[in-house]
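Asks: Quick one: the structure is below, and I'll ask about it shortly.
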């Protein structure tokens with residue numbers, strides 16, 4: 031895993047900013063994070079996120095979240111990623127909110 035793996039799908043770009051044609055793909059984003067974190071422990075994931083300057087929120091005893099964002103010109107595209115665990119091992123991800131500021 032690298033910090034570049036923490037991204038939105040499709041990744042916002044200058045051309046999507048100019049044309050206004052950006053459409054966030056929640057399912058592709060969920061699939062990416064399910065693959066990225068498969069088999070990892072909550073401790074490993076939290077350390078990775080915090081080492082890369084992400085704020086990690088404990089939403090429930092078996093659930094954490096963090097925000098992924100990308101700046102394009104004057105706009106910030108972002109999504110809240112939820113990670114769910116079973117006995118401390120990653121189970122699945124979800125996207126609860128996304129938007130453009």
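Numbering (my numbering), first residue to last: 31 to 131. For every residue, glycine included, the Cβ atom is placed at its ideal position computed from N, Cα and C.
Quick one: what does DSSP say residue 125 is sitting in, helix, strand or coil?
Replies: In this structure, residue 125 counts as strand in the three-state DSSP scheme.
Asks: Relative to the C-alpha of residue 91, which candidate in 116, 111, 102 and 98 has its C-alpha closest?
Replies: Answer by Cα proximity: 116.
Asks: Span of the beta strand (DSSP E) holding residue 52?
Replies: Residue 52 -> no beta strand (DSSP E), and no H or E assigned at all.
Asks: Is the beta carbon of residue 72 closer than 7 Å to that of residue 129?
Replies: Cβ atoms of residue 129 and residue 72: not closer than 7 Å.
Asks: Are residue 79 and residue 35 touching if we call contact CB-CB under 7 Å?
Replies: Contact: no.
Asks: DSSP state of residue 45, grouped into three classes?
Replies: It is helical.
Asks: Starting from residue 87 and walking both ways along the beta strand (DSSP E), at which residues does that stretch end?
Replies: First-last of the beta strand (DSSP E) with residue 87: 87-90.
Asks: Go to residue 38, then tell me how far its beta strand (DSSP E) extends in each direction, as first and last residue.
Replies: Counting along the chain, residue 38 falls outside any beta strand (DSSP E), and DSSP gives it neither H nor E.
Asks: Out of 49, 44, 131 and 113, which one is the CA nearest neighbour of residue 69?
Replies: Looking at the Cα atoms, 113 is the closest of the given residues.
Asks: Taking the alpha-carbon of residue 32 as reference, which of 40, 45 and 84 has the nearest alpha-carbon?
Replies: For the residues 40, 45 and 84, the minimum Cα distance to residue 32 belongs to 84.
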